[in-house]
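Undergrad: Residue numbers (our numbering): 144 to 691. Quick reminder that beta carbons are idealized off the backbone N, C-alpha and C, glycines included.
1) Report yes if the C-beta distance between residue 294 and residue 214 is below 8 Å; otherwise report no.
2) Among 508, 191, 525, which one has its Cα closest to the Cα of residue 516?
3) According to DSSP, is residue 217 part of a helix, a strand, or is it coil?
4) Pick helix, strand or coil for residue 152, following the three-state DSSP scheme.
5) Can you tell me the Cβ-Cβ gap for residue 193 and residue 211, rounded? I've got them flagged as a contact below 8 Å.
6) Apart from the five residues on each side of it in sequence, which residues of its chain come closer than 6 Å, Cβ to Cβ, to residue 441?
7) Taking the alpha-carbon positions, what's the residue 569 to residue 495 distance?
8) For a quick check, are the C-beta atoms of residue 285 and residue 264 less than 8 Å apart?
9) Which residue's Cα is closest to the Cα of residue 475: 332, 535, 435, 665?
10) Are there 16 or more other CB atoms within 10 angstroms of the CB of residue 354, so buried, or fewer, so exposed?
11) Across the region 413-429 and the region 501-515, are there enough close Cβ pairs to call them in contact, namely three or more that are closer than 8 Å?
12) Using the C-alpha atoms, what's the distance from residue 654 back to residue 599?
13) Can you give me the C-alpha to C-alpha distance between residue 539 and residue 584, rounded to a whole angstrom?
14) Confirm the yes/no value for this check: CB of residue 665, any heavy atom of the ligand MG, distance under 7 Å.
15) What residues in its chain sit with their C-beta under 7 Å from that of residue 164, if we drop five residues either side in the sequence?
16) Taking the Cβ atom as the reference point for each residue, do residue 240 and residue 233 lie within a distance shorter than 8 Å?
17) Can you tell me the Cβ-Cβ gap for residue 368 and residue 379, rounded? I've got them flagged as a contact below 8 Å.
18) With a floor of 3 residues, list each beta strand (DSSP E) that falls wholly inside the region 509-549, ordered by position along the chain.
19) Closer than 7 Å by C-beta to residue 334: which residues in its own chain qualify, once you throw out the five before and the five after it? Chain order, please.
20) For residue 620 and residue 228, I'd like the C-alpha separation in whole angstroms.
21) Should residue 267 go down as buried or exposed, given a rule of 16 or more other Cβ atoms within 10 Å for buried?
22) Could you round the C-beta distance between residue 262 and residue 223 to whole angstroms and report it? I think they count as a contact, below 8 Å.
23) In the DSSP assignment, the beta strand (DSSP E) including residue 502 goes from what residue to what residue?
24) Would you say residue 205 and residue 288 are within 8 Å of each other, going by their C-beta atoms?
25) List, from N- to C-terminal side, the alpha helix (DSSP H) runs of 4 residues or more that fit wholly inside the region 410-473.
26) Which term fits residue 338, buried or exposed, when burial requires 16 or more other beta carbons within 10 angstroms of its beta carbon?
27) Count the other C-beta atoms from every protein chain shown that fall within 10 angstroms of the C-beta of residue 366, then say buried if there are 16 or more, exposed otherwise.
28) Exposed or buried, what is residue 471 when buried is set at 16 or more other beta-carbons lying within 10 Å of its beta-carbon?
29) CA-CA distance, residue 343 and residue 203?
30) What three-state label does DSSP hand residue 561 in the structure shown?
31) Please state whether DSSP places residue 688 in a helix, a strand or coil.
32) Alpha carbon to alpha carbon, how far is residue 626 from residue 688? Give it in angstroms, no decimals.
33) Between which residues of its own chain and residue 662 is the CB-CB distance below 8 Å, once the five residues before and five after are set aside?
34) Please go through the same chain and pick out, in chain order, the residues whose beta-carbon is closer than 6 Å to the beta-carbon of residue 280, but skip the five residues on each side of it.
35) Would you check if the region 675-685 and the region 588-604 touch, i.e. whether three or more CB-CB distances between them fall below 8 Å?
36) Which runs of the beta strand (DSSP E) at least 3 residues long sit entirely within the region 281-332? Give them in chain order.
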């Protein structure tokens, strides 16, 4: 039976809370101490940030949301914001009283559209267990999920490339595609051909899963593909008659066109090999590949990309894929030598105009910066500021710093290897650009929070996080600032004076948003209260005991 529409979730959840007091909302309702007698003055606690997962709902249609909340008390409800994958806000759902529900298809949720979401916990208005809670921060954005209709049928569109294996090898479902038939809320039929790479996005699963170790019990087993309440099966897994020999691979820096050059050494007959699969790893993590490259050639070039960054060092493994259906692929080779990828970028340019006219004291906003990276083969990719690190792109100024008149007409350099571009800053009295702070929080307290009277505060180890107002259809992630950079980011602290016993906390603020403040607690003790030595005055009368 279909779930109620999202507007009815709150009523349903309230009934569930009454019937099942172990739910998180019931846990947040208070304790015996709240309802009996007077309680001490409440302390203020910020709720921990929950997270949210979106999944296609192939049973009822639409999208299922699942909120994972670490809080055990103080939560009154949740606010969930739903966006398209492109970052446009679709709708804000306030006062959700359940951690799981479904957004059904309709005017808000469109079939075939990718969505992301974020969530925050809303605090109860009254104290709970002697504590007053305040709302959490918004969570990070969820992974993308597609809104689907109700799955009505599933067919195997193309079989996995390999179904013959030797015992101990890994199941490789590459090449597997399914055709999914589904209908929307009006009964209109749709169908999509979905490759293995999009199974997660569409909520499709397999048993056994991709990467499963092949055992004797799996020989003769068909792979079952599930989509909601429908399923389909591939041909059976078979035992390979033979397997290919394992090739080897070497890497080198490709100084001609950039990237990495590779050379594969293989004793197998060329006709026995359909292709080679090369797995590229960073030298710091040789367990999880950063890039997978398929080729039929024993020599070639792997260009730089979001995963292969110029100037960084990499190693590789390779396997040979068998041409014959009854022959197994080779084992994965040993690691190659390491080699540094050369930059293969031809040019970098600013893709979109953005406001560079700031007023004195405003904050530099690089989030609106977007560049086009063009490679030597004339392929191009658009990269927004948040993705610069993936491409090894750097900027000569830090995002979020306070701008003074010294920055007026300053050239800001954007670099990728030896390739650069720039834009000019204008800092005057009337500029309108800049990030607007809406909150500041302490992420890490200083290493020292206990002092003697007369000491000065040591702020070493203090880290804060600045949150910002978001623009229309724009998301500005928070910026973390460590104490050595406080001046640069306009973070303010009390004037350095000797501590007294009355000092209980330290206020932290920022120059451009005086209303946004936070604090951390300290303890100041008198010198005579500090333990400097401990001695044993008297030993216990009994020191020796029988076992048990």
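TA: Reading from the atomic positions:
1) no
2) 525
3) coil
4) No answer about residue 152 holds up, because its pLDDT of 39 lies below 50 and its placement is not dependable.
5) 6 Å
6) 407
7) 18 Å
8) no
9) 435
10) exposed
11) no
12) 23 Å
13) 27 Å
14) The ligand MG is absent from the structure shown, which contains no ligands of any kind.
15) With a pLDDT of 29 at residue 164, under the threshold of 50, the predicted position of this residue should be treated as unreliable, and no value is reported.
16) no
17) That pair is no contact at about 14 Å.
18) 513-518, 523-527, 536-538
19) 322, 323, 324
20) 16 Å
21) buried
22) 5 Å
23) 500-502
24) no
25) none
26) exposed
27) buried
28) buried
29) 18 Å
30) coil
31) coil
32) 54 Å
33) 585, 648, 649, 650, 651
34) 192
35) no
36) 293-301, 320-326
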